[in-house]
Amino acid sequence: MIKEFSNLGLKPELVTGLLAQEITVPTDIQSLCIQEILDKKDIIASSKTGSGKTLAYLLPIMTMLNDAERHVQAIVLAPTHELCVQVYKQIELLVQNAELKNIRAAVLIGGANINRQMDRLKEKPQIVVGTTGRILELIRLKKLTTHFVKTIVLDEADRMFDVKNIESVKAIVKTTLKERQIIMFSATIDSETKLRAEELLKNPSVIVANKLSDLPQNIEHIYFECEKRDKIEVLKKLFYAENITRGIVFLNNNEDIENLSKRLNYHSIKSAPLFGETLKNERRNILNDFKDGRINLLIASDIVARGLDIKDLSHIININVPESSDLYLHRAGRAGRAGEHAIVATIAEPSEVRYLKKFSSFFKINIAKKVISQGEVAEPKKVEKNNKK
Ligand code: ADP
Ligand code: MG
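Numbering (my numbering), first residue to last: 8 to 396.
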């Protein structure tokens with residue numbers, strides 16, 4: 008496997024530009040995908056969260072963009088507004104750092120002002136990033152021309168192929184050239200997604216850079232056992248015991264998100280809810296407050312949190328045991344992204360503990376039982392001994 012960006016056939020300016028982000032060595036998924044994408048192959052690629060999938064597709068695409076031609080040549084589709092903005096920001100950063108003065112990009116997402124997006128399209132971007140709904144809307148309004156699109160990326164591909172997105176994805180693909188290239192990226196690609204992909208992709212190369220069961224090594228997994236009614240109390244104690252400055256709390260049930268945030272704020276724990284219905288601007292403010300430390304806990308649903316890349320995230324807290332190993336992986340994968348130490352803590356009811364045991368053997372990780380004693384996270388045994396004294 009080629010282990011240098013300079014030997015992968017990328018535009019040299021991009022490789023130099025990456026240095027400004029202190030990115031010097033390609034990750035496995037980048038080494039494996041970049042040339043395939045440059046060869047115009049369709050691919051289905053998966054690698055664990057935080058392994059650099061965004062650049063794995065952006066670098067070759069930016070290399071292939073013809074900056075003399077002023078029409079859309081590449082479309083990146085992603086499931087959430089945040090993810091689209093994140094990818095867009097990475098493009099802008101590359102454009103700036105590599106000084107690609109003639110490359111324009113646009114982010115096209117619902118909930119944001121469509122007129123502004125139309126104005127942006129008048130500047131003739133070569134690459135657009137967006138959600139399926141808004142992109143389709145702009146195509147139908149004839150504000151977005153897709154006849155020259157050579158590459159379509161489906162980021163978080165398994166979500167792009169779910170019932171909510173699949174029809175729109177197909178509709179968008181249909182508006183593009185027959186010989187377009189489609190590339191799919193996700194941390195997990197299930198058999199259903201593969202089947203649907205076969206309808207759209209041409210002899211795709213399947214690239215797996217990491218086994219599904221790979222979780223970042225630098226993450227510590229722990230759990231607390233308590234009755235359902237005591238969960239919030241345990242969360243509060245954990246928050247103070249660990250002095251958490253930046254953590255994400257996951258709930259299985261969307262309806263409880265706002266409520267939990269209110270209760271925590273009532274107890275002076277600075278938190279904010281983030282879920283599908285949160286308005287666009289509000290979401291951006293919340294994420295900024297979170298990144299800047301004005302909010303310590305983000306209370307989130309699985310859907311909005313997918314793919315978020317937030318630095319210095321120290322804790323992932325599951326208020327309920329996630330419903331599947333995939334979800335455990337996706338939640339845990341929000342943390343420890345740049346090799347930082349992080350803790351994934353699950354607050355489980357006695358009846359949920361057996362599911363944790365399943366994840367533990369599936370991922371070959373130790374999920375250690377802990378208790379909170381005298382304001383500190385401690386081993387359960389020691390506490391029992393102390394109590395006996
Ligand atoms: P994924 O989509 O696989 O979950 P991202 O593309 O969001 O991961 O990347 C995660 C983080 O890793 C980002 O902060 C990104 O800047 C960084 N990153 C990407 N490629 C490299 C690399 N080759 N070396 C170091 N850091 C990288
Ligand atoms: Mg990603």
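Ideal placement from N, C-alpha and C gives every residue a C-beta, glycine not left out.
Note that this is a predicted model, so its numbers are computed, not measured.
### Task
Determine contact between the segment 176-193 and the segment 201-218, defined as no fewer than three beta-carbon pairs at a distance below 8 angstroms.
At 8 angstroms Cβ cutoff, the stretches touch.
### Query
What are the residues that DSSP puts in a beta bridge with His228?
Against the sequence shown, residue 228 aligns to sequence position 221. DSSP lists Val351 and Ile374 as partners of His228.
### Query
What is the residue span of the beta strand (DSSP E) that Asn325 lies within?
Start at 1 with the first residue of the sequence shown, and residue 325 comes out as number 318. His322 to Asn325 is the span of the beta strand (DSSP E), which, as asked, contains Asn325.
### Query
Skipping 5 residues on each side, what residues in its chain have a beta carbon closer than 6 angstroms to that of Leu267?
By 1-based counting over the sequence shown, the position of residue 267 is 260. Its chain contains Ile306 as the residues whose beta carbon lies nearer than 6 angstroms to that of Leu267, once the 5 sequence neighbours on both sides are disregarded; these appear in chain order.
### For Glu89 and Leu315, believed in contact at Cβ under 8 angstroms, the rounded distance
Along the sequence shown, read from residue 1 onward, the residue named residue 315 stands at position 308. Along the sequence shown, read from residue 1 onward, the residue named residue 89 stands at position 82. With 8 angstroms as the limit, Leu315 and Glu89 qualify as a contact, their Cβ atoms being about 6 angstroms apart.
#### Entry: Thr61 beta carbon near ligand 2 (any heavy atom closer than 7 angstroms)
Sequence index remark: in the sequence shown, residue 61 carries index 54 (1-based). Yes, the beta carbon of Thr61 sits closer than 7 angstroms to at least one heavy atom of ligand 2.
#### Entry: Helix, strand or coil at Pro280 [DSSP, three-state]
Within the sequence shown, numbered from 1, the residue matching residue 280 stands at position 273. When DSSP states are grouped into helix, strand and coil, Pro280 belongs to the strand group.
#### Entry: Ser212 beta carbon less than 8 angstroms from that of Ser53
Your numbering for residue 53 matches position 46 in the sequence shown. Your numbering for residue 212 matches position 205 in the sequence shown. In this structure, Ser212 does not lie closer than 8 angstroms to Ser53 by Cβ.
#### Entry: Alpha carbon of Ser368 to alpha carbon of Val241, nearest angstrom
Residue numbering aside, residue 368 sits at position 361 when the sequence shown is read from its first letter. Residue numbering aside, residue 241 sits at position 234 when the sequence shown is read from its first letter. In this structure, the alpha-carbon of Ser368 lies about 25 angstroms from that of Val241.
### Message
Relative to the C-alpha of Tyr247, which candidate in Lys269, Glu232 and Lys277 has its C-alpha closest?
### Response
If you number the sequence shown from 1, residue 247 lands on position 240. In terms of CA proximity to Tyr247, Lys277 leads the group Lys269, Glu232 and Lys277.
### Message
Which runs of the beta strand (DSSP E) at least 3 residues long sit entirely within the segment 10-53? Give them in chain order.
### Response
With a minimum length of 3 residues, the continuous beta strand (DSSP E) runs that stay inside the segment 10-53 are 50-53.
### Message
So, at 6 angstroms on beta carbons, what are the nonlocal neighbours of Gly343 in its own chain, with the 5 sequence-adjacent residues on each side left out?
### Response
As a working mapping, residue 343 is identified with position 336 in the sequence shown. Within the same chain, and ignoring the five residues on either side of Gly343 in sequence, the residues whose Cβ sits closer than 6 angstroms to its Cβ are Pro223, Asn225, Ile226 and Ala349.
### Query
Between the C-alpha atoms of Phe297 and Lys371, what's the straight-line distance to the nearest angstrom?
Mapped onto the sequence shown, residue 297 falls at position 290. Mapped onto the sequence shown, residue 371 falls at position 364. Across the structure, Phe297 and Lys371 are spaced so that their CA atoms are roughly 32 angstroms apart.
### Message
Report the CB separation of Phe257 from Asn325 in whole angstroms; it is logged as a contact under 8 angstroms.
### Response
Here residue 257 refers to the residue found at position 250 of the sequence shown. Here residue 325 refers to the residue found at position 318 of the sequence shown. The beta-carbon distance between Phe257 and Asn325, rounded to whole angstroms, is 5 angstroms. This is short enough to meet the 8 angstroms contact definition.
### Task
Verify the contact flag: Thr34, CB atom, against every heavy atom of ligand 1, threshold strictly below 7 angstroms.
Along the sequence shown, read from residue 1 onward, the residue named residue 34 stands at position 27. True, at least one ligand heavy atom lies under 7 angstroms from that Cβ.
### Query
Where does the unbroken alpha helix (DSSP H) through Gln93 begin, and where does it stop?
Here residue 93 refers to the residue found at position 86 of the sequence shown. From DSSP, the alpha helix (DSSP H) with Gln93 extends over His88 to Asn104.
### Query
Anyone know if the C-beta pair for Phe2 and Asn260 falls short of 8 angstroms?
A query on residue 2 cannot be resolved here, the shown segment of the chain reaching from 8 to 396 and no further.
### Query
Is Lys48 near Glu232, with beta carbons less than 8 angstroms apart?
By one-based count along the sequence shown, residue 48 stands at place 41. By one-based count along the sequence shown, residue 232 stands at place 225. Their beta carbons are not under 8 angstroms apart, which means Lys48 does not touch Glu232 by this criterion.
### Query
Would you report the Cα separation of Leu286 and Ile293, rounded to the nearest angstrom?
Reading the sequence shown from its first residue, position 279 is the one you call residue 286. Reading the sequence shown from its first residue, position 286 is the one you call residue 293. Going from the Cα of Leu286 to the Cα of Ile293 covers about 10 angstroms.
### Query
Taking the alpha-carbon positions, what's the Thr353 to Glu130 distance?
For the purposes of this step, residue 353 is taken as residue 346 along the sequence shown, with counting starting at 1. For the purposes of this step, residue 130 is taken as residue 123 along the sequence shown, with counting starting at 1. Each residue's alpha carbon lies about 48 angstroms from the other.
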